[in-house]
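Student: So the sequence shown is numbered by this note's numbering: it starts at 23 and just counts up by one.
For each residue, glycine too, the CB sits at the ideal point set by N, CA and C.
The structure is given below, and queries will be raised subsequently.
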Amino acid sequence: MAIRLLRGVLNGLKWALCAVGGVALILVAMIAATLERPPEMRSVSDSSKGIDWSTLPPLERFQARDGTWIGFRHYASNGPATERGAIFIHGSSGSSGTVNHALTHAIASRGVETWALDIRGHGGSGTRGDIGYVGQLEDDLVDFVAHVRKSAPDLPLTLIGHSAGAGFSLRVAATPIMQDMFVRTVLLAPYLGYDAPTNKPHSGGWANADVPRVLGLAALRKLGIDCCSQLPVLAFAVRPNFEKILVSTYSDRLMRNFATRGYRLDLPGVTHPMTVFGGAEDEMMISAKYAETVQALKPSIDVKVLDGINHMGIVTDPKAISVIADDVATRGAGQS
């Protein structure tokens with residue numbers, strides 16, 4: 023009887039080990055899946071044409087809490103003083119020195135002291151395409167605002183984000199320990215998360231995710247194993263040989279951090295005024311759905327869709343620049 027029982031236990035153990043081994047093999051295969059880079063998206067590549075780069079400020083740096091030097095550009099206000107300040111967060115793959123310069127320069131020319139940050143993993147900040155941990159981008163932004171406050175201790179600050187940077191800005195606006203750093207948040211063509219109804223498939227061809235690897239890493243985290251998050255999981259349709267200017271891939275941890283926590287979670291947590299700008303001709307997002315999507319969760323958010331503007335045009339087209347720069351210069355100092 024005891025021998026039969028022992029045999030049963032050993033047989034069960036054998037099958038359990040086989041099952042565990044099978045799951046492990048599946049996860050290894052998922053994580054080993056190849057990340058494919060999408061072909062160049064010409065609307066993004068062509069967006070730099072016609073921009074006056076002669077007014078681009080030099081890259082400066084400050085030291086974050088972990089000792090890493092983080093890049094940024096400071097646009098001193100050169101118009102009638104508005105007693106307002108703004109911090110701009112670029113979109114996926116970009117930096118403070120890419121096409122958003124057209125907008126940040128225009129904002130400063132309207133009297134708004136403006137800073138454009140190189141998010142860690144981009145431009146002059148850290149290791150390209152990667153960060154150390156999820157939450158590090160929030161730590162960097164807290165450190166950067168502290169750096170700004172050394173020269174502008176009382177200036178009301180508006181947080182402005184474009185695309186993925188807008189998704190991250192929404193994350194910040196919904197984070198209790200951070201949201202009071204800014205009197206207002208402006209989201210430009212925001213990426214609201216993979217499950218948002220405002221997305222076009224694969225962001226219209228801009229991004230390609232290694233879904234098996236993403237799911238495999240998520241499964242490991244569910245099991246309490248947080249490994250391999252430095253592996254690339256998201257590739258962008260950047261111009262070939264432009265990797266020194268644009269980031270071509272994101273690691274798993276950068277992808278998860280440079281985004282919302284989920285629009286359904288973050289939008290109800292917003293406590294200060296927020297405005298969303300979209301372009302009616304956006305090739306990556308469905309701008310017509312912004313109002314119903316965000317106002318269903320937060321009715322107080324303003325939503326404005328600009329005719330004739332595409333995804334990059336929201337930061338480069340003179341019409342969009344004029345509307346957005348005027349908005350930033352006239353709201354956000356105790357006004358909604």
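(1) Applying the criterion that 16 or more other CB atoms from any shown protein chain within 10 Å of the CB defines a buried residue, is V350 buried or exposed?
(2) Per DSSP, which residues does Q85 bridge with? Please list them.
(3) Reducing DSSP to helix, strand and coil, say where P262 ends up.
(4) For the alpha helix (DSSP H) containing M277, list its first residue and its last residue.
(5) Report back the beta-carbon spacing between V236 and V255 to the nearest angstrom; my notes put them in contact at under 8 Å.
(6) Going by beta-carbon coordinates alone, are F258 and S270 separated by less than 8 Å?
(7) Classify V360: buried if its beta carbon has 16 or more other beta carbons within 10 angstroms, exposed otherwise.
(8) By the 10 Å Cβ neighbour count, where 16 or more other Cβ atoms means buried, how is Q158 classified, buried or exposed?
(9) Taking DSSP as the reference, what is the three-state secondary structure of Y285?
(10) With DSSP as the reference, identify every bridge partner of W380, one or two as the case may be.
(11) Alpha helix (DSSP H) containing K244: first to last residue?
(12) Taking contact to mean at least 3 C-beta pairs separated by less than 8 Å, is the stretch 223-231 in contact with the stretch 304-311?
(13) With DSSP collapsed to three states, give me the class of M296.
(14) Closest by CA to A13, which one among H127, R261 and R132?
(15) Quick one, are the C-beta atoms of T352 and L214 less than 8 Å apart?
(16) What is the DSSP secondary structure of G183, reduced to helix, strand or coil?
(17) Would you call the CB atoms of L78 and G93 closer than 8 Å?
(18) In its own chain, which residues sit with a C-beta less than 6 Å from the C-beta of H144, not counting the 5 before and 5 after it?
(19) How many Å lie between C250 and H123 at the Cα?
(20) Going by DSSP in three states, D152 sits in which element: helix, strand or coil?
(21) Do the CB positions of A211 and H333 come within less than 8 Å of each other?
(22) Where do the ends of the alpha helix (DSSP H) carrying T56 lie?
(23) Does DSSP put T207 in a helix, in a strand, or in coil?
(24) Residue range of the beta strand (DSSP E) that G116 falls in?
(25) With DSSP run on the structure shown, which of helix, strand or coil describes K311?
(26) Round the Cβ separation of V197 and M296 to the nearest angstrom and send it over; I've been treating them as touching at under 8 Å.
Tutor: Let me spell this out:
(1) Here residue 350 corresponds to residue number 328 of the sequence shown, with the count starting at 1. Burial call: buried.
(2) If you number the sequence shown from 1, residue 85 lands on position 63. The partner list for Q85 (beta bridge, DSSP) reads W91.
(3) Position 240 of the sequence shown, counted from the first residue, corresponds to residue 262. Coil, per DSSP.
(4) Start at 1 with the first residue of the sequence shown, and residue 277 comes out as number 255. Element bounds for M277: D274 to N279.
(5) Locating residue 236 in the sequence shown gives position 214, counting from the first residue. Locating residue 255 in the sequence shown gives position 233, counting from the first residue. Contact flag correct, Cβ pair sits at about 5 Å.
(6) Position 236 of the sequence shown, counted from the start, is the residue given in the question as residue 258. Position 248 of the sequence shown, counted from the start, is the residue given in the question as residue 270. Cβ distance < 8 Å, so F258 and S270 count as in contact.
(7) Any answer about residue 360 is impossible in this case: the structure gives the chain only from 23 up to 358.
(8) One-based indexing of the sequence shown puts residue 158 at position 136. The residue in question, Q158, is buried, as its Cβ has 16 or more Cβ neighbours within 10 Å.
(9) Mapped onto the sequence shown, residue 285 falls at position 263. Three-state result, Y285: helix.
(10) Outside the displayed span of the chain (23 to 358) sits residue 380, for which this structure offers no information.
(11) The residue labelled residue 244 in the question sits at position 222 within the sequence shown. Per DSSP, K244 belongs to the alpha helix (DSSP H) from V233 to K244.
(12) yes
(13) Working through the sequence shown from its first residue, we reach residue 296 at position 274. Strand, per DSSP.
(14) Nothing can be reported for residue 13: it is not among the residues displayed for the chain, which extend from 23 to 358.
(15) Residue 352 sits at position 330 when you count from the first residue of the sequence shown. Residue 214 sits at position 192 when you count from the first residue of the sequence shown. It is not a contact, given that the beta carbons lie outside the stated cut-off.
(16) In the sequence shown, the residue the question calls residue 183 occupies position 161. DSSP places G183 in strand when its eight states are reduced to three.
(17) As a first step, residue 78 must be located in the sequence shown, where it is residue number 56. As a first step, residue 93 must be located in the sequence shown, where it is residue number 71. Going by C-beta atoms, L78 is not nearer than 8 Å to G93.
(18) Residue 144 sits at position 122 when you count from the first residue of the sequence shown. So the list reads S117 and V269, once near-sequence residues are dropped.
(19) By 1-based counting over the sequence shown, the position of residue 250 is 228. By 1-based counting over the sequence shown, the position of residue 123 is 101. Using only the alpha carbons, I get a separation of about 35 Å.
(20) In the sequence shown, residue 152 corresponds to position 130, counting from 1. DSSP places D152 in coil when its eight states are reduced to three.
(21) For this step, residue 211 is matched to residue 189 along the sequence shown. For this step, residue 333 is matched to residue 311 along the sequence shown. Cβ distance < 8 Å, so A211 and H333 count as in contact.
(22) Position 34 of the sequence shown, counting from 1, holds the residue named residue 56. Neither: T56 is in no alpha helix (DSSP H) and is coded neither H nor E.
(23) Translated into the one-based positions of the sequence shown, residue 207 becomes position 185. The answer is strand: DSSP assigns T207 an E or B state.
(24) One-based indexing of the sequence shown puts residue 116 at position 94. No beta strand (DSSP E) holds G116; DSSP gives it neither H nor E.
(25) For the purposes of this step, residue 311 is taken as residue 289 along the sequence shown, with counting starting at 1. The answer is helix: DSSP assigns K311 an H, G or I state.
(26) Here residue 197 corresponds to residue number 175 of the sequence shown, with the count starting at 1. Here residue 296 corresponds to residue number 274 of the sequence shown, with the count starting at 1. As written in the sequence, residue 197 is Thr, which differs from the Val given in the question. 14 Å between Cβ atoms; not a contact.
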